[in-house]
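Colleague: After the structure tokens below, expect a handful of questions from me.
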Amino acid sequence: MKNCILLLLFIFAPAATSFAAPPTGQIHIGWAMTSITPEQPVALAGQFHKRISERVESPCTATVLAIETRKGEQSLEQAIMVSCDLVLIADHLQPRLRKMLAGRLPGFDPKKLFLNATHTHTGPVTRAIGWYTVDDKGVLKPPAYVDFMLKKIAAAIESAWTNRAPGGVSWGLGHAVVGSNRRMVYRTAQGQPPFGGGTAKMYGSNKTPDFLSVEGSEDTGIEMLFFWNTKKELTGCVLNVACPSQVRESARYLSSDYWGKVRMEMKKRHGKKVFVLPWCGAAGDQSPHVQYRKGAEARMRKLRGDLAADEVIAQRIVNAVDIALPAVKKDIRTEVPFGHHVETLKLPRRLVTRSEKEWAQAKVDSVLAKPADKRTSAEESHRRWNQHVLDRFNEQKTHPKFEMELHVLRLGDVAVATNPFELFLDFGMRMKTLCKAPQTFIVQLACSSGWYLPTLKAATGGGYSAIIQSNLVGPEGGGVLVNRTVELINAMWAK
């Protein structure tokens, strides 16, 4: 009987993290970059109203970094990371790309590949069925754009993997003011539920007597990884900034936003062959738009000669790189511990309440009351947005979990952890402070689409980004994500 009880305890016990610190090997690095900017006009992602691109302000690109460690001829570990100037990584993109690469990357495990988005609001739509219908004459439809984009990315991945060569890596930390918290808190309710109801509002005014505070934290840190060839020449860098790339978010042209300006400035200062791979840190409540001192900021822009806001941000980021670079060049490692763990993590979904369902139904009905040919693209987007709440209410008993692909890596003293959300900053801070890694990079908007993931404070305050329409996963799921990520990182630092 005692043995039976022990057996049952073993069967139903939570799975333990059994792997230890990864082995050390010689690092090999491969880079590639490709334009994913179409020649035809496209619908632009990131707003409720439909926008069609009229020109190209700066090219949207995909940057590829391939890493492998070896001991002699033996491959120890590997990763391919692809940063894309898109608003998000649609759920179908990564699985389809992996299938396209079958047989093209000798020795590479396709599950060790992940995509991330910079969250530019001036990149192409990649979902055939989104918030609005793209059937405009002369406009490249999303499925055709995705075909074009994935072919370009697959070729760049193949090039980076084929061209990997021995080199070195170093890591550093810099600081630059890029993002600020965009949620304002008030004494009284703002609007009606669920677009307020509580006391918070995204981009709310802070010039009203009801204004109390900015809701959350801000982070000026820039996590940096630098890669070098055998001559100790810089080949590229990874820059991790806790702010989405959406300075130009309402524009009607294609743009890689401030990351395009960073790439230009890096090439100007460090050479045309230097790659920049951007990662957006936990930043669901962050924005590059100034939230206070707006008058002073406007005056400084005028005195500078109306230098665009994304150009100012790029200057700040590259200045931070230039401060860090001489220091980290003293500590280039050619042999490092490298581990890469991939798993499917199931998080509890944020459940739709009956009152939320009724609110969404009323919003859907109000749009459907208008003839289809009289609805604006924004009205149709909001109808589909609220319809999704109704669908979830009907399915949540049978589908209570949200599945996400989680990547956790150790490279030297650096940890990297991905998530598919617009993850509020405080979750990232919790990961960084609770784990054993000396330096941690959080990569949001990776692998798939998870929408906003708010803190408990934000969900209580309400407002866009923290209401049921904006969230597939809520604060409870965020806690599960933090705990599992920290557990996996700490396992990689086990003695």
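Numbering (my numbering), first residue to last: -7 to 487. The C-beta atom is built at its ideal place from N, Cα and C for all residues, glycine as well.
(1) Leaving out five residues before and five after Asp101 in sequence, what residues of the same chain have Cβ atoms less than 8 angstroms from its Cβ?
(2) So is Tyr250 buried or exposed if we call it buried at 16+ other beta carbons inside 10 Å?
(3) For the alpha helix (DSSP H) containing Trp377, name the first residue and the last one.
(4) So the beta strand (DSSP E) Gln18 belongs to, where does it begin and stop?
(5) With a CB to CB cut of under 8 angstroms and the five nearest residues on each side skipped, what residues in its chain are close to Pro98?
(6) Secondary structure at Gly331, three-state DSSP: helix, strand or coil?
(7) Indicate the three-state DSSP secondary structure (helix, strand or coil) for Glu303 in the structure shown.
(8) Can you grab the Cα-Cα spacing for the pair Ala306 / His391, in whole Å?
(9) Measure from the C-beta of Tyr124 to each C-beta in chain B and report whether the shortest distance is under 8 angstroms.
(10) Exposed or buried, Arg442, counting other C-beta atoms within 10 Å across all chains shown (16 or more means buried)?
(11) In the DSSP assignment, the alpha helix (DSSP H) including Ser358 goes from what residue to what residue?
(12) Among residues of its own chain, excluding the 5 on either side of Glu150, which ones have a beta-carbon nearer than 8 angstroms to its beta-carbon?
(13) By how many angstroms is the C-alpha of Trp123 removed from the C-alpha of Leu360?
(14) Pop quiz: Lys466 and Phe419 are said to be a contact at Cβ under 8 angstroms. What is the actual Cβ separation, rounded to whole angstroms?
(15) Quick one: give me the first and last residue of the beta strand (DSSP E) that Gly164 is part of.
(16) Taking the continuous alpha helix (DSSP H) assigned at Glu493, which residues delimit it?
(17) Which first and last residues belong to the alpha helix (DSSP H) in which Gly489 is found?
(18) Grab me the residues of Leu339's own chain with a C-beta within less than 7 angstroms of its C-beta, minus the 5 sequence neighbours each way, in chain order.
(19) Give me the Cα-Cα distance between Lys265 and Thr227, rounded to the nearest whole angstrom.
(20) Between Ser27, Arg384, Glu479 and Val344, which lies nearest to Leu401 when the distance is taken from Cα to Cα?
(21) Starting from the Cα of Arg261, find the closest Cα among Asp277, Val310 and Ser247 and give me that residue.
(22) Please report how far the alpha carbon of Ala312 lies from the alpha carbon of Cys229, in whole angstroms.
(23) Does DSSP put Ala12 in a helix, in a strand, or in coil?
(24) Below 8 angstroms on the Cβ atoms is my guess for Cys272 versus Pro318; work out the distance and round it to an integer in Å.
(25) Locate the beta strand (DSSP E) running through Glu60, then write down its first and last residues.
(26) The ligand FAD heavy atoms versus the CB of Asp83: any closer than 7 angstroms?
(27) How should Lys(-6) be labelled, buried or exposed, when 16 other C-beta atoms within 10 angstroms of its C-beta is the threshold for buried?
(28) What separation, rounded to the nearest whole angstrom, lies between the Cα atoms of Lys362 and Lys355?
(29) Using a Cβ-Cβ cut-off of 7 angstroms (strictly less than) and excluding sequence neighbours within five positions of Leu343, which residues of its own chain qualify?
(30) Tell me, to the nearest whole angstrom, how far the beta carbon of Val79 is from that of Val56; I am working on the premise that it is less than 8 angstroms.
Modeller: Reading from the atomic positions:
(1) Gln70
(2) buried
(3) Ser369 to Glu387
(4) Thr16 to Ser27
(5) none
(6) strand
(7) helix
(8) 43 angstroms
(9) Protein chains in the displayed structure number just one, and chain B is not present.
(10) Per the sequence shown, residue 442 should be read as Gly rather than Arg. With 16 or more Cβ atoms within 10 Å of its Cβ, Gly442 is classed as buried.
(11) Arg346 to Leu360
(12) Leu93, Arg96 and Leu97
(13) 15 angstroms
(14) The sequence shown places Gly at residue 466, rather than the Lys named in the question. At roughly 12 angstroms, the Cβ-Cβ gap does not stay under 8 angstroms, so Gly466 and Phe419 are not in contact.
(15) Gly160 to His167
(16) Since the displayed the chain opens at -7 and closes at 487, residue 493 lies outside it and no answer follows.
(17) Residue 489 is absent from the structure shown; the chain starts at -7 and stops at 487.
(18) Lys393, Phe394, Met396, Val465, Gly469, Val472 and Leu473
(19) 7 angstroms
(20) Glu479
(21) Val310
(22) 13 angstroms
(23) coil
(24) Actually they do not touch by this definition, with Cβ atoms about 27 angstroms apart.
(25) Thr53 to Lys63
(26) As far as ligands go, the structure on display features none, and thus does not contain the ligand FAD.
(27) Interpretation of Lys(-6) is limited by its pLDDT of 39, a score under 50 that renders its predicted location unreliable; the figure taken from the coordinates is listed afterwards. So Lys(-6) counts as exposed.
(28) 12 angstroms
(29) Gln388
(30) With a Cβ gap of about 20 angstroms, Val79 and Val56 do not count as contacting.
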